[in-house]
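Structure first, commentary second.
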Amino acid sequence: MRLATLFLAFSSWAVAAELKVATLHPLLADLAGQVGGSRVTVVELVEKNSDPHHFEPTPQQIRAAGDVDLCLASGMGLESYLPALRSLLPPTTKLIEIGNSLPALEGGCDHPDHAHHGDHSHGLDPHWWHSIDAFRRATNLTAQAFAEADPAGAEFYRNNAQLYRAELDALEKRTKRSLARVPRDLRILPTAHAAFAYFCRDFGFTAIPVQGINREQMPDAGSLAKLIARLKKDKVPAIFPEKSSNPKILEALTADTGIRLAPPLIADGTTADNYISMVDYNVGTIVKALTE
């Protein structure tokens, strides 16, 4: 009995958390948990249902992040508050902007008259997580960062990353199989703002963002008229709102065009339970709206 107790105690010690990692997006918290497992304590600074673009840490959150080893950010200009947050983190904390090491797309629109105003640097689309391949690369980057901070756990992180990449591979195959049901001429995705460029690139869709990269920027009358004309010309079956956006302008579009409003997509990723469930939900919503 005593030997069993000692073994359990040793086992608990062997898998005790070695890293404390803060995350600035719920999907990054999911990723950190997948890769870090029992060796990592995850501190979610930007929690589920929060706005990832704007963040003001509470005193409790500042205390929780007071001894973190790493802080994972989305990057690509999504978190405009990073300089201010940096001053609140311990000087020893390594801030890693995952997206800055990934291939980036311009955050643009398919209708050329739509100006790019917003809070994302250099007009990049920071919603890289809508590419399964980008998230797979992010898995590797996370495992590498954890291994550098905790060399003793390097093999543990690599193994976890390998297992999670296998899940992402299965997700990608499932996604391609589902989207194959959508005819080529119907692969048009009108959304509230330009958050789905990576998805559209990877799976052969045309993105039509109503509000460009900045969902607070409303299209002017001329741009709106051209957008309506395009939607009618392309015989778009559905317009997709977002779970975290005001649907009023899209409701007005459906009234003017007769195009139905589909169920909302998850754009910023903050309302999802985890990454895989987000992709499954979005793909299922798109396929149903464009084929039924």
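All residue numbers for the sequence shown refer to the UniProt record's numbering, where the first residue is 1 and numbers rise by one.
Glycine is no exception: its CB is placed at the ideal position from the N, C-alpha and C atoms.
Own chain, CB closer than 7 angstroms to residue i, minus 5 neighbours either side, in chain order
i: Glu167; result: Ile276
i: Asp234; result: Ile188
i: Glu219; result: It is worth fixing the name first, because residue 219 is Pro in this sequence and not Glu. His114, Val210, Gln211 and Leu227, listed in sequence order.
i: Asp67; result: Lys20 and Pro90
Cutoff 8 angstroms; reference residue i; Cβ partners in own chain excluding five residues on either side
i: Thr254; result: Ile239, Arg260 and Leu261
i: Asp133; result: Glu172 and Asp202
i: Leu19; result: Gly36, Arg39, Val40, Thr41, Asp69, Leu70, Phe146, Ala149, Asp150 and Gly153
i: Asn100; result: Gly75 and Met76
i: Asp182; result: Note that residue 182 is Val in the sequence shown, not Asp. Cβ neighbours of Val182 beyond the five flanking positions: Ile286, Val287, Leu290 and Thr291.
i: Leu231; result: Pro190, Ile208, Ile239, Leu253, Thr257 and Ile259
i: residue 301; result: With the chain running from 1 to 292 in the structure shown, residue 301 is simply not present.
i: Phe156; result: Gly37 and Arg39
i: Phe7; result: The pLDDT assigned to Phe7 is 36, lower than 50, so where the model puts this residue is not dependable; a value taken from the coordinates is nonetheless given after this. Excluding residues within five positions, none has a Cβ falling inside 8 angstroms.
i: Val46; result: Thr23, Leu24, His25, Pro26, Pro52, Phe55 and Thr270
Sequence-distant residues of its chain with Cβ nearer than 6 angstroms to residue i (five each side left out)
i: Thr139; result: Ala161, Tyr164 and Arg165
i: Thr142; result: Leu31 and Val35
i: His130; result: Phe196, Tyr198 and Phe199
i: Ser121; result: Low per-residue confidence applies at Ser121: pLDDT is 43, beneath 50, and the placement is therefore not dependable enough to give any value.
i: Glu79; result: Leu24 and Ala73
i: Ser178; result: Val283 and Val287
N- and C-terminal bounds of the alpha helix (DSSP H) containing residue i
i: Glu251; result: Lys248 to Thr257
Host beta strand (DSSP E) of residue i (start-end)
i: Lys288; result: First-last for Lys288: Tyr275 to Thr291, but that is the alpha helix (DSSP H), not the beta strand (DSSP E).
Beta carbon proximity, residue i to chain B, threshold 8 angstroms
i: Gln144; result: Absent from the structure: chain B. Only one protein chain is present.
>> If contact is defined by three or more beta carbon pairs under 8 angstroms, each pair taking one atom from either stretch, is the region 182 to 195 in contact with the region 280 to 292?
In response: yes
> Is it true that the region 267 to 281 meets the region 43 to 59, where meeting means three or more beta-carbon pairs spaced less than 8 angstroms apart?
Replying inline: yes
> What runs of the alpha helix (DSSP H), each 4 residues or longer, lie entirely inside the region 149 to 223?
Replying inline: 154 to 179 and 197 to 203
> Which ranges would you report for the alpha helix (DSSP H) in the region 24 to 57 if only whole runs of at least 4 residues count?
Replying inline: 26 to 36
> Residue ranges of each beta strand (DSSP E) run of no fewer than 3 residues wholly in the region 53 to 94, ordered along the chain?
Replying inline: 70 to 73
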